[in-house]
Each structure stands twice: as C-alpha cells, then as structure tokens.
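To start, the structure itself, in structure tokens.
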Amino acid sequence: MNNPLKIKGIDHSGVAANDVEQLADWYCEVFGYEKWFKHEKPVWMLKAPDGTLLEVMPKDHTARPERTTWTPGWSHLALRVENIDEAIAFLDTKGVRWGGSVINAIGGGKVRNLFDPDGNMLQIIQRAKE
Numbered sequence: 001m002n003n004p005l006k007i008k009g010i011d012h013s014g015v016a017a018n019d020v021e022q023l024a025d026w027y028c029e030v031f032g033y034e035k036w037f038k039h040e041k042p043v044w045m046l047k048a049p050d051g052t053l054l055e056v057m058p059k060d061h062t063a064r065p066e067r068t069t070w071t072p073g074w075s076h077l078a079l080r081v082e083n084i085d086e087a088i089a090f091l092d093t094k095g096v097r098w099g100g101s102v103i104n105a106i107g108g109g110k111v112r113n114l115f116d117p118d119g120n121m122l123q124i125i126q127r128a129k130e
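Below you can see the structure in the form of structure tokens.
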C-alpha cells in the first residue's frame, strides 16, 4: 500500500509539567537532553542525543488521573539505553523513584519503569542485540 503521508518517525512527545523550568532541567540533568528552543508560553523543546525532541509545557487545571502501564491512552515514554545496569546505577545516584524491578521487554531486551518528579511514567529499555 502506498502511503502518501510518508511518516519518518516520531518527532516529539510532550509532557505537561507543574513547573516547566524545573522539569526541563531534570530531563537535561538526568537523561542528557539539551534545551533546544524556548517559547514564551513557557514551553521548552528539549533535544535528545539522537535528535528526537521532548516538549515540556505547562499543565492546565485538570487533575492528574491515577495511571498504570495499562491505563487507556498514551501511557509512558520509553528511553532506550545501551546498558540497563549502568543506567540504573546512574539513575540511583539521581534519586529517581522506581516503579518496579527489571523485567523482560516485549519484543526482547530488559526494561524498568520509573517516574519523573511530576509523576509521569518513564521506562528505560535495553533492547536485545540483533
């Protein structure tokens, strides 16, 4: 099937933050993002080492729902790492809140859930060598 959209991949994901500056700084310090562009709203576009973007924007008045990995809708942001054991050791030095232990990843590899300071679910994932 010829798809006229010709999607190249995911450009960015977005997270609504209690404090845009604080959460943007956390993603830069902990995961190596860099502050790429700031909009006056305030919104930060952060750039990962591979060039993908993360938008950190202010939250609105909506109450945060309680979520699990399986709650309907977008669930989490999975960040690929080269070595999950080294990543865990580093993240422990940053005092991250873990959401469980290392488990087998769907599709191969190892994965572990964690939460950012605002309570958003993240995963670090090491894919199996191909």
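For the sequence shown, my numbering gives the first residue as 1, with consecutive numbering after it. Backbone N, C-alpha and C define an ideal beta-carbon position, used for all residues, glycine too.
When DSSP builds the beta bridges, which residues end up paired with residue 38? 44
Of the residues 123, 99, 41, which one's Cα is nearest the Cα of residue 110? 123
Could you pull out every unbroken beta strand (DSSP E) segment of at least 3 residues lying fully inside the stretch 38-95, listed in chain order? 43-47, 53-58, 77-80
Cβ neighbour criterion (16 or more within 10 Å) applied to residue 36: exposed
Using a Cβ-Cβ distance under 7 Å, would residue 13 count as near chain B? Here chain B cannot be found, since the structure has a single protein chain.
With a cut-off of 8 Å, do at least 3 Cβ pairs link the stretch 25-45 to the stretch 82-89? no
Extent of the continuous alpha helix (DSSP H) to which residue 24 belongs: 20-31
Mapping the DSSP letters down to three states, classify residue 110 as helix, strand or coil. strand
Does the stretch 52-60 come close enough to the stretch 7-26 to have 3 or more Cβ pairs within less than 8 Å? yes
Taking the beta carbon of residue 112 as the centre, do at least 16 other beta carbons fall within 10 Å, making it buried, or is it exposed? buried
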